[in-house]
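S.K.:
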Amino acid sequence: MLPKTSVPKLTSLPTARAASTRASMQSRYNTRVLSAPAYAAKRQQHFVRSLAVITAAAGVATVSQYYLNDGRLLNTAYAEAPSTAEQPDIQFEKPRKRGATKEENRDLVSSQHLQVRRSWENPGVYACGSNAGKVVAPDSDASYIKTPRRIKFFDGKLLRDIKLDSNFGAAIDEQGNLLQWGVDYSKETTQPTVTLKGKNLISLAISKDRIMGLSSSGKVYSLPVSAADQAAGTKPSESSWIPFWSSTSPISYRTITPSDMSYSEKVSTIAGGQEHALLLTSKGRLFSMASATDAFPTRGQLGVPGLSWDNKPTGPYYQPHELTTLRGFNIAKIACGDYHSIVADTDGRVFSFGNNTSGQLGFDYNTESAVVDTPALLPLQKLYAGSSQTPVVTSVAAGGANSYLTVDATKIASRNSDGRHIGRVTADTFACGAGIYGSLGNSRWTHVQGTPTKIPALSSLFEYDETNNTVIPIRLASISAGNKHVAAVMNNVAHTGALNTDGETYWGRDIVFWGGNEHYQLGTGKRNNVNTPTYIQPLDQVAERKVRGKEEHRFQITPRSTVRLADGRKVSMEQRVECGRDCTAIYSGV
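Just so we're aligned, residue 1 is where the sequence shown starts under the UniProt record's numbering, counting upward by one.
What follows is the structure, given as structure tokens:
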């Protein structure tokens, strides 16, 4: 038998305290040891609360991933170590301020509206690039202008045309007078000066040392760039508004007249290279001529087989020569590079001639025939071999050692086609020639490109036309090519009803730049060459930021519209871009 064990008494505490201690221990025990039903109910409450917390945390994580991934939910989750850094507070976008007027509201909603409106209110000329010849900033000694800057002389003025060389500039004012500036014109003159007046000029072409102007009547005038040469040369006699009265011109110039012109025929378009020029008549006939004073074209750019200084026809060396090999082709578009020419007829065929050392004629370079002195037909169909598309050239452009084509390619039925998209038109842009500066626009730095290469950023683009409720191709409105750089204006729909701002919202056209940028001629503010079409900042960045803060927007060029100017006149005007030799101008044109 086991001995009895005595239980010690709590004699070390007072009786009252011992009773209190036993009561407290019993109370804690009673709260921890429950009956079976009560215990189950308690566990269910804990489970519901835990499930709710987990569900809420999962929802927060899902929403966070949605916003962090631009609105796309990811199928795969990645575990990351918890960050010990203090998490920033969530920042909510402040509501956009509301303008005092409907016009201010439209400025806030659309950067394009603001740019277009200001171009109407403040017409003028912006220029950038090399300023070695005091062309892009006549009143500045800066060597470069890195982003487009206004030429103060042209503030409030509309122009018919403008052409820029690195050492001289020429423009036609709204009245048809010729203005000149730059060091090659005169080192003493710091502002554009009217030189040839009263001829009602409508367009210009320039060579290395001469300017050619086309009048509304079809007359072509050629004058030297230098003010000294204008003063020293032979000055022709001019008729006066007074009957039987004539006077001598204050400056020297020539009148260029193609031979064998019919009664109603006149020169309608001119284009110029470094030593040559092309003249297109209203009948579709094409003439070429020497346009420089110190050099006769020797690289086939005149398009007359075997023509040289030694065997030229009798008469002035600058007389026009008809390209007889193109008779029967109704030529409609012409362009000149430095030493080559490219033209297209009304049926969309394209011909090229001149220097081909960089492949700028659209043919592979051949050391035995680097010069092509007869217009050669470019085989466009080879560019669309196997595509069941029929190409038609819609425009041509040239500059330096490059050529550019815009093409409408129409889908046709074929044996291998599935019958879909028959008749659908795709608009493409091609480039050929020297690409070392990026002027091919195809993301490559090719030295010589004989076969035209497609510019992807400007090809096979479509948009929805709300007016006609259909999808249409996006074509180019224009291309301007300098000696190393290029600008293209997109012919996108310039009006849409997408925004409701209690009034009409103005819309611009997309404009892109690419190519050589050694002299900041692209207007990006940087000096690196660009081999793919790129946007630049708005022309009036200061005004943009005053209204829209630090938001970044691209330059939108103003399409043609009829507007009322500050002086009360109603005019039809647009903004145009002109790429020159190492410089660029954007002007308000009529």
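Note that CB positions come from ideal geometry on N, CA and C, so glycine has one too.
The structure presented is a predicted model; accordingly, all values stated were derived computationally and were not measured.
(1) What separation, rounded to the nearest whole angstrom, lies between the Cα atoms of ASN131 and ILE145?
(2) For the candidate residues THR453, SER439, SER443, whose alpha-carbon lies nearest to that of LYS382?
(3) From the DSSP secondary-structure annotation, give me the bridge partner or partners of ALA171.
(4) Using three-state DSSP, classify ALA227 as helix, strand or coil.
(5) For GLN115, report the span of its alpha helix (DSSP H) as first-last.
(6) In three-state DSSP terms, what is SER369?
(7) Just the C-alpha distance for MET573 and GLY589, rounded to the nearest angstrom, thanks.
(8) With burial defined as no fewer than 16 other Cβ atoms inside 10 Å of the residue's Cβ, what is the status of ASP165: buried or exposed?
(9) Buried or exposed: where does ARG475 fall if 16 or more other Cβ atoms within 10 Å of its Cβ makes it buried?
(10) Taking the alpha-carbon positions, what's the TYR185 to LYS134 distance?
(11) Would you tell me roughly how many angstroms separate the C-alpha atoms of SER247 and PHE287, rounded to the nearest one?
(12) Does DSSP put LYS333 in a helix, a strand or coil?
(13) How about the region 271–286 and the region 226–237: do they share at least three Cβ pairs that are nearer than 8 Å?
(14) Under a Cβ-count criterion, where at least 16 other Cβ atoms within 10 Å of its own Cβ denotes burial, should GLN112 be classed as buried or exposed?
(15) Where do the ends of the beta strand (DSSP E) carrying LYS312 lie?
(16) When the Cα of HIS321 is compared with those of GLY306, LEU378, ASN330, which residue comes out closest?
(17) Where LEU204 and GLY213 are concerned, what is the direct C-alpha to C-alpha distance, given to the nearest angstrom?
(18) Looking at ALA409: is its Cβ nearer than 8 Å to the Cβ of THR390?
(19) Using only the alpha-carbon positions, how far apart do ARG149 and LEU539 sit?
(20) Starting from residue 619, trace the beta strand (DSSP E) both ways and give me its first and last residue.
(21) Using only alpha-carbon positions, find the residue among GLY273, ALA231, LEU178, ILE479 that is nearest to LYS199.
(22) If you pair each beta-carbon of the region 362–376 with each one of the region 444–458, do three or more pairs fall below 8 Å?
(23) Mind checking who ALA481 pairs with in its DSSP beta bridge?
(24) What do you reckon, are the CB atoms on LEU378 and CYS336 nearer than 8 Å?
(25) Please report the straight-line C-alpha distance between GLY399 and GLY273, rounded to a whole angstrom.
(26) Which residue from PRO533, GLN556, GLN180 puts its Cα closest to that of PRO138?
(27) With distance defined between alpha-carbon atoms, name the residue in GLU544, ILE586, ALA344, PRO375 nearest to ASN355.
(28) Whole angstroms are fine: how far does the CA of HIS485 sit from the CA of ILE586?
(29) Bridge partners of ASN355, per DSSP?
(30) What number of angstroms, rounded off, separates the C-alpha of THR569 from the C-alpha of VAL542?
(31) Thinking just about the alpha-carbon of each residue, which of THR193, GLY156, THR147 is nearest to the one in GLY169?
M.R.: Taking the structure as given:
(1) 7 Å
(2) THR453
(3) ILE162, LEU179
(4) helix
(5) 111–121
(6) helix
(7) 6 Å
(8) buried
(9) buried
(10) 10 Å
(11) 31 Å
(12) strand
(13) no
(14) buried
(15) Neither: LYS312 is in no beta strand (DSSP E) and is coded neither H nor E.
(16) GLY306
(17) 5 Å
(18) yes
(19) 8 Å
(20) What the structure shows of the chain is the stretch from 1 to 590, and residue 619 is not part of that stretch, so it cannot be assessed.
(21) LEU178
(22) yes
(23) VAL486
(24) no
(25) 8 Å
(26) GLN180
(27) PRO375
(28) 14 Å
(29) VAL371
(30) Checking the displayed sequence, the identity of residue 569 turns out to be Arg instead of Thr. Cα to Cα, ARG569 sits roughly 27 Å from VAL542.
(31) THR193
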